[in-house]
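Here the structure comes first, spelled out in structure tokens, and everything after it is commentary.
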Amino acid sequence: MSTAGRHPLGVRASWLLAALLQLALPGVAAVADARLDAAGSHATAHVESHTSNSCARIHPPDCAVCHFLTAPALTARPGALRLAVADGWRLRRADPAGLPHPLARPHPHPRAPPLLS
Numbered sequence: 039m040s041t042a043g044r045h046p047l048g049v050r051a052s053w054l055l056a057a058l059l060q061l062a063l064p065g066v067a068a069v070a071d072a073r074l075d076a077a078g079s080h081a082t083a084h085v086e087s088h089t090s091n092s093c094a095r096i097h098p099p100d101c102a103v104c105h106f107l108t109a110p111a112l113t114a115r116p117g118a119l120r121l122a123v124a125d126g127w128r129l130r131r132a133d134p135a136g137l138p139h140p141l142a143r144p145h146p147h148p149r150a151p152p153l154l155s
């Protein structure tokens, strides 16, 4: 018995319709949103050194990202990140007598290759 005959044709057709709507609706919504946005604003976005009232506002003046990016530039002194984690540590030489001899515990010999007969 095949699995294709378990569900009626109407159920399979509705699943196909739902899958097609899931694929198509995000694109249709994006196009509709773009058309509404283009019809609502008469100014186009552009980048210039000066601004006027006719320029389209890209984002609000209290944008959190802009505040975060310009905050270090507004301070008078440079903001250096200094980590004093290893300042109190002193480096010591390793004691050669405390280290094991490299041949003190040799590994077993590897297996020999198989004999060809």
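Residue numbers (the numbering used here): 39 to 155. Just so you know, even glycine gets a beta-carbon here, dropped at the ideal spot from N, CA and C.
task: Could you check the C-alpha separation between Ala51 and Leu59 for me, to the nearest Å?
output: 12 Å
query: Ala76: beta carbon under 6 Å from a heavy atom of the ligand ZN?
result: Annotation note on the ligand ZN: not contained in the displayed structure, which lists no ligands.
- prompt: Along the chain, where does the alpha helix (DSSP H) that runs through Asp71 open and close?
  reply: 47-78
query: Val69 to Cys101, Cα distance in whole Å?
result: 26 Å
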